[in-house]
Amino acid sequence: MASTRPRPRLLYVTDLAYEARGRRYCDEDIQLSARLREHLDDMDVALCHPLDAAALMDGFDLVVVRNSGPVIHYQEAYDAFRDRALRDGVRVYNPLTGRADMAGKQYLVDLTAEGLPVIPTVDRGEDLHRLPEAASYVVKPKLGADSIGLRTVAREELAGLDFTADGGLLAQPRIDFRHEVSFYFIDDAFQYALYAPRPDRRWELEPYAPTDADLEFARGFVDWNTLPYGIQRVDACRAPDGRLLLVELEDLNPYLSLDLIGAEGQRAFAGNLAVSLRRYLADSFTQSHSIE
Numbered sequence: 021m022a023s024t025r026p027r028p029r030l031l032y033v034t035d036l037a038y039e040a041r042g043r044r045y046c047d048e049d050i051q052l053s054a055r056l057r058e059h060l061d062d063m064d065v066a067l068c069h070p071l072d073a074a075a076l077m078d079g080f081d082l083v084v085v086r087n088s089g090p091v092i093h094y095q096e097a098y099d100a101f102r103d104r105a106l107r108d109g110v111r112v113y114n115p116l117t118g119r120a121d122m123a124g125k126q127y128l129v130d131l132t133a134e135g136l137p138v139i140p141t142v143d144r145g146e147d148l149h150r151l152p153e154a155a156s157y158v159v160k161p162k163l164g165a166d167s168i169g170l171r172t173v174a175r176e177e178l179a180g181l182d183f184t185a186d187g188g189l190l191a192q193p194r195i196d197f198r199h200e201v202s203f204y205f206i207d208d209a210f211q212y213a214l215y216a217p218r219p220d221r222r223w224e225l226e227p228y229a230p231t232d233a234d235l236e237f238a239r240g241f242v243d244w245n246t247l248p249y250g251i252q253r254v255d256a257c258r259a260p261d262g263r264l265l266l267v268e269l270e271d272l273n274p275y276l277s278l279d280l281i282g283a284e285g286q287r288a289f290a291g292n293l294a295v296s297l298r299r300y301l302a303d304s305f306t307q308s309h310s311i312e
């Protein structure tokens with residue numbers, strides 16, 4: 021009798037109780053995971069809290085990390101999850117090879133040194149001269165998220181900072197930008213864009229129609245990150261001179277604001293995500309058998 025291959029199992033990691041300012045994480049993950057079930061009807065899909073992921077993941081073929089909240093709130097548990105997943109070859113989506121926020125915010129310093137269009141960022145007192153003159157400056161921890169630990173200081177206060185505190189600090193000029201805009205990608209494919217037309221209301225977002233130049237800007241950072249699969253959000257601000265500058269490249273668990281793109285957009289996003297997940301599983305299976 022021919023053996024029947026077991027149904028693939030997908031573990032969807034989310035913190036449904038996490039409260040974020042201006043966002044409803046739980047609503048997004050309830051809806052997205054439900055739509056994934058429709059597209060992945062040949063798979064078993066289970067949801068779990070991020071603190072349970074390390075104990076459960078061995079029983080699944082793919083672990084999808086979604087709205088799990090800033091890992092700084094459970095850093096030790098996340099580090100254990102990450103170390104074990106890398107050691108045991110667990111398939112995690114996004115793959116744990118991301119070079120951006122997944123690895124902290126050192127990449128902002130590196131991109132600045134490379135001369136790429138990013139808000140100028142330094143992480144050492146001896147490099148403060150590289151920052152342009154500004155009315156004030158933003159200081160934040162390298163391991164921060166959701167504006168945790170962020171503060172605004174005057175130029176004269178920068179010299180007295182201990183840049184090694186709290187796991188490392190970053191300093192940037194405070195940009196008087198026109199608006200913020202976010203570009204959302206699955207793998208290397210652009211999905212949609214949203215922007216905050218009022219700088220003082222970051223999470224009051226509206227649909228945004230990007231220009232070709234906007235997409236070239238965003239895609240450049242997705243290409244730089246070299247993730248073969250995954251969801252990425254490219255956050256940028258429009259400087260007074262009209263240029264876009266990178267604010268953040270979120271490649272760990274970006275909130276997607278799916279409630280703002282309509283039912284048709286949500287269906288399309290879930291369908292494209294399902295295709296990416298299937299491709300990841302298929303490519304992983306092919307690679308493991310070719311090694312054998």
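When you line the sequence shown up against my numbering, it's residues 21 to 312, in that order.
Positions of the beta carbon are idealized from the N, C-alpha and C atoms, including for glycine.
#1: Below 6 Å CB to CB, which residues in the same chain sit around residue 198 once its five sequence neighbours on both sides are set aside?
#2: Do the segment 246–254 and the segment 206–217 touch if we need at least three Cβ pairs shorter than 8 Å?
#3: Hey, is the segment 232–247 in contact with the segment 78–87, meaning 3+ C-beta pairs nearer than 8 Å?
#4: Excluding the five sequence neighbours on either side, which residues of its own chain have a C-beta within less than 7 Å of the C-beta of residue 76, listed in chain order?
#5: Which ranges does the alpha helix (DSSP H) cover as unbroken runs of at least 4 residues, wholly within the segment 155–243, from first to last along the chain?
#6: Count Cβ pairs between the segment 144–157 and the segment 176–188 that sit closer than 8 Å; are there 3 or more?
#7: Here's a check: name, in chain order, each residue in its chain whose Cβ is nearer than 7 Å to the Cβ of residue 33, leaving out the five neighbours to either side.
#8: Residues in the same chain with beta-carbon distance under 8 Å from residue 140, minus the five sequence neighbours each way, listed in chain order, please.
#9: Which class does residue 40 belong to by DSSP, given the choice of helix, strand or coil?
#10: Nearest by alpha-carbon distance to residue 79: which of 290, 29 and 123 is it?
#11: Just list the residues that DSSP pairs residue 85 with in beta bridges.
#12: What does the Cβ neighbour count give for residue 111, buried or exposed, with the cut at 16 atoms within 10 Å?
#13: How many angstroms separate the CA atom of residue 21 from the CA atom of residue 104?
#14: Would you please state the rounded distance, in angstroms, between the beta carbons of residue 255 and residue 202? I believe it to be under 8 Å.
#15: Would residue 290 and residue 36 be called neighbours here (beta carbons separated by less than 8 Å)?
#16: Is it the case that the Cβ atoms of residue 58 and residue 278 are separated by a distance below 8 Å?
#17: Specify the secondary structure class of residue 251 as computed by DSSP and reduced to three states.
#18: For residue 213 versus residue 204, is the C-beta spacing smaller than 8 Å?
#19: Using the beta-carbon count (16 or more within 10 Å), is residue 227 buried or exposed?
#20: Per the DSSP calculation, residue 113 is bridged to which residue(s)?
#21: Run through DSSP, which three-state label would residue 303 get?
#22: How big is the Cα-Cα spacing for residue 39 and residue 135?
#23: Starting from the C-beta of residue 129, find all residues in its chain whose C-beta is less than 8 Å away, skip the five residues before and the five after it, and write them out in chain order.
#24: Can you look up residue 134 in the DSSP assignment and give me helix, strand or coil?
#25: Figure out for me which residue from 122, 195 and 137 has the closest Cα to the Cα of residue 158.
#26: Which runs of the alpha helix (DSSP H), 4 residues or longer, sit entirely within the segment 44–99?
#27: Give the C-beta separation of residue 170 and residue 160 to the nearest angstrom, bearing in mind that I take them to be a contact with Cβ-Cβ under 8 Å.
#28: Taking its Cβ as the centre, do 16 or more other Cβ atoms sit within 10 Å of residue 118, making it buried, or is it exposed?
#29: Please determine whether the Cβ atom of residue 202 lies at a distance below 7 Å from any heavy atom of the ligand SAM.
#30: Under 8 Å between the Cβ atoms of residue 252 and residue 274?
Concretely, from the data shown:
#1: Same-chain partners within the cutoff: 258.
#2: The answer is yes - the segment 206–217 touches the segment 246–254, with three or more Cβ pairs under 8 Å.
#3: no
#4: Within the same chain, residue 76 has close Cβ partners 31 and 68.
#5: 175–178
#6: Three or more beta-carbon pairs drawn from the segment 144–157 and the segment 176–188 are found closer than 8 Å, and the two stretches are therefore classed as touching.
#7: 68, 70, 73, 83, 84, 85, 86 and 88
#8: If we look at residue 140 and ignore the five residues flanking it on each side, its Cβ neighbours are 132, 150, 151, 152, 192 and 193.
#9: When DSSP states are grouped into helix, strand and coil, residue 40 belongs to the strand group.
#10: 29
#11: Beta-bridge pairing links residue 85 to 33.
#12: buried
#13: Per-residue confidence for residue 21 stands at a pLDDT of 44, beneath the threshold of 50, marking its modelled position as unreliable; the derived number appears in the next sentence. Taking the straight line joining both Cα atoms gives about 37 Å.
#14: So it is a contact: roughly 5 Å between Cβ atoms.
#15: No, Cβ-Cβ distance for residue 290 and residue 36 is not below 8 Å.
#16: No Cβ-Cβ contact shorter than 8 Å links residue 58 with residue 278.
#17: strand
#18: yes
#19: exposed
#20: 84
#21: helix
#22: 37 Å
#23: 141, 142, 143 and 190
#24: Residue 134 falls in the coil class under three-state DSSP.
#25: 195
#26: 45–59 and 73–76
#27: 4 Å
#28: buried
#29: Of ligands this structure carries none, so the ligand SAM is not represented either.
#30: yes
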